[in-house]
Amino acid sequence: MGYPPPYGRPPKGETGRGLAVIVIMAIGLLIGAALSVMTVLDPAASSKSPSVAPDSERSETTVRQAAQVGLDAYSGGSYGDFWDLWSAQAQTAVAREEYVRLFQLCPQPVPDVRFAVTTVTITGDDARVQATRSGDTADFVFRYEGGSWRYVPPPEELQEYRAQGVDQLARLRQAAGTCGTVAATPPASDPSVPVPPTSVPTVPDPAVPDPSASVPSDSAPVVPDPSVSAPAPPPA
């Protein structure tokens with residue numbers, strides 16, 4: 001009848017397409033096997049994701065607020081509160097009590113003058129804040145950590161805390177003339193030494209007579225009455 005046999009060699013184009021499908025399936029199996037091996041070797045790698053703060057918490061307004069609170073605490077002399085706003089790694093450089101004691105030995109030269117935040121530059125979880133005080137401009141670094149922006153002191157300052165300690169650092173700053181005036185404290189009295197009472201001399205009131213003073217008598221001398229005869233002398 002002229003019909004082709006029911007079974008025979010497939011056309012040439014169909015053979016090429018079949019090989020391509022087989023190759024793609026083989027590549028897919030290899031990729032899946034590789035991903036499975038990586039997951040077994042490092043199961044935490046598949047769940048790792050970069051820690052990025054939400055956009056609202058990384059806004060310039062949020063950084064400005066956090067920076068102003070920290071700088072106000074420092075300029076107002078609340079050094080313990082300022083230390084509380086440091087990053088966790090920075091707090092390991094010096095203890096809170098030692099940081100407060102540093103400013104008792106070497107007060108800041110310009111106390112009670114606020115900083116004014118001028119510019120904020122945010123890069124990921126880090127922010128650089130520029131602020132002015134008394135005409136001077138300074139840069140401060142803040143880092144988003146634990147749900148809030150925290151202050152990061154300069155690396156050289158942290159190294160000074162670790163290497164020198166508070167007492168030596170205070171002496172070096174005093175020698176450099178970067179300390180303010182230390183408030184004078186009155187000397188403490190020794191309770192074992194009695195303090196003599198202070199007596200105030202009394203001034204006599206001239207309007208009040210002194211009973212101990214002799215007052216001359218104002219009475220007239222007694223004159224004998226001539227009508228009264230004197231008693232006769234006794235007989236001899």
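Start counting the sequence shown at 1; every next residue gets the next number (full-length UniProt numbering).
All C-beta atoms in this analysis are idealised placements derived from N, C-alpha and C, irrespective of residue type, glycine included.
These figures come from a predicted structure and were not determined experimentally.
Look at the beta carbons and you see the segment 145-156 touching the segment 76-93: at least three pairs across the two are nearer than 8 Å. For P154 and D112, the gap between their C-alpha atoms comes out near 23 Å. For G135, the closest of G177, R150, R114 by C-alpha to C-alpha distance is R114. Inter-segment contact for the segment 92-104 and the segment 158-171 is present: three or more beta-carbon pairs are separated by less than 8 Å.
Its chain contains V113, F115 as the residues whose beta carbon lies nearer than 6 Å to that of R133, once the 5 sequence neighbours on both sides are disregarded; these appear in chain order. Secondary structure note for W149: its beta strand (DSSP E) is the uninterrupted segment 148-152. Annotated as proximal: A127 and V141, with beta-carbon spacing under 9 Å. For the set S59, I31, G76, I24, the Cα lying nearest the Cα of T121 is the one of S59. About 6 Å separates the Cβ atoms of A170 and L102, confirming a contact at the 8 Å cut-off. When rounded, the separation of the alpha-carbon atoms in Y74 and Q108 is 9 Å.
Here the alpha carbon of G76 sits roughly 18 Å from the alpha carbon of T137. Fully enclosed alpha helix (DSSP H) runs of no fewer than 4 residues occupy 60-75, 79-84, 88-91, 96-105 of the segment 60-129, in order along the chain. Per DSSP, reduced to three states, the secondary structure at D55 is coil, with no helix or strand assignment. Per DSSP, the beta-bridge partners of A131 are V117, A138. Residues L85, W86, S87, F142, R143 of the same chain have their beta carbon placed closer than 7 Å to that of R150, with the five preceding and five following residues left out of the count. Take the alpha-carbon of L105 and the one of E97: they are about 13 Å apart. The Cβ atoms of A67 and V129 lie closer than 9 Å to each other. Distance from G80 to V63 at the Cβ level is roughly 23 Å; contact not present, criterion being Cβ atoms closer than 8 Å. For V166, the enclosing alpha helix (DSSP H) has its first and last residue at 166-176.
The C-alpha of V166 lies about 16 Å from the C-alpha of V182. Linking S56 to G177 through their CA atoms gives a straight-line distance of about 43 Å. Of the residues W83, F82, V117, I24, the one whose Cα lies closest to the Cα of Q65 is V117. In this structure, the alpha-carbon of T119 lies about 11 Å from that of T61.
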